[in-house]
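Worksheet: the structure to be examined is printed underneath.
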């Protein structure tokens, strides 16, 4: 019974903040995303990283397309998520891309992904940075995703040296969100107004 109530709470919180985000004007998303990108690109972690995995933004998520293109131009090893669903199993790979236009196929959730069979899979423990999306976060660097569990499973396999960085708009940042033992906290959060370390 307690678990059911907890899951309902999570769904309600997720639904509320995704609804708010979906109503944002595109120019507002672009402007706030630019502020976040500037903060991110000034961070020593990003400057010194050789291997970065970054989500491909979709809808009104913090925009990452220009970040990905920039890091590829700078010669960083850039990988993006590629989701796999087989029967009851679902998991995510970090797949290296060398150009943004390799993202042609629509993945399982309508998000552009590379074609897995044509790409190199990067082991999670080889990543320096993972840029993570979410529906809502808290000041303790916990995140709530979209409910599929891809990132929770993937993040449990990264090395201790890998910096897990969440990107969100300030309104997505709460004092506390429902958190379970299998949820993996992040190392940093970046909003348009601040960086939480």
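In my numbering, the protein residues as written are 1 to 197. Positions of the beta carbon are idealized from the N, C-alpha and C atoms, including for glycine.
Determine whether the beta carbon atoms of residue i and residue j lie at a separation below 7 Å.
i           : j           : result
residue 97  : residue 80  : yes
residue 67  : residue 105 : no
residue 83  : residue 137 : no
residue 198 : residue 111 : Absent from the model: residue 198. The displayed extent of the chain is 1 to 197, so no value can be given.
residue 179 : residue 92  : no
residue 14  : residue 135 : yes
residue 143 : residue 188 : no
residue 95  : residue 130 : no
Quick one: Cα of residue i to Cα of residue j, how far?
i           : j           : result
residue 183 : residue 64  : 23 Å
residue 148 : residue 72  : 28 Å
residue 33  : residue 86  : 34 Å
residue 162 : residue 115 : 25 Å
residue 108 : residue 195 : 32 Å
residue 173 : residue 139 : 7 Å
residue 152 : residue 25  : 30 Å
residue 44  : residue 165 : 13 Å
Who are residue i's beta bridge partners in DSSP?
i           : result
residue 207 : Only positions 1 to 197 of the chain appear in this structure, which leaves residue 207 out of reach.
residue 93  : 82
residue 54  : 131
residue 163 : 129
Between residue i and the rest of its own chain, which residues show a CB-CB distance below 6 Å, the 5 nearest in sequence each way excluded?
i         : result
residue 5 : Caution applies to residue 5, whose pLDDT of 46 falls short of 50 and renders its modelled position unreliable; the model cannot decide the point.
residue 1 : Reliability of the predicted coordinates at residue 1 is poor, the pLDDT of 38 falling under 50, and the value obtained from them is presented with this limitation in mind. Correct list: empty, nothing qualifies.
CB-CB under 8 Å to residue i, same chain, minus the five flanking residues each way: which ones, in chain order?
i           : result
residue 70  : 41
residue 103 : 56, 80, 97, 112, 113 and 114
residue 175 : 138 and 139
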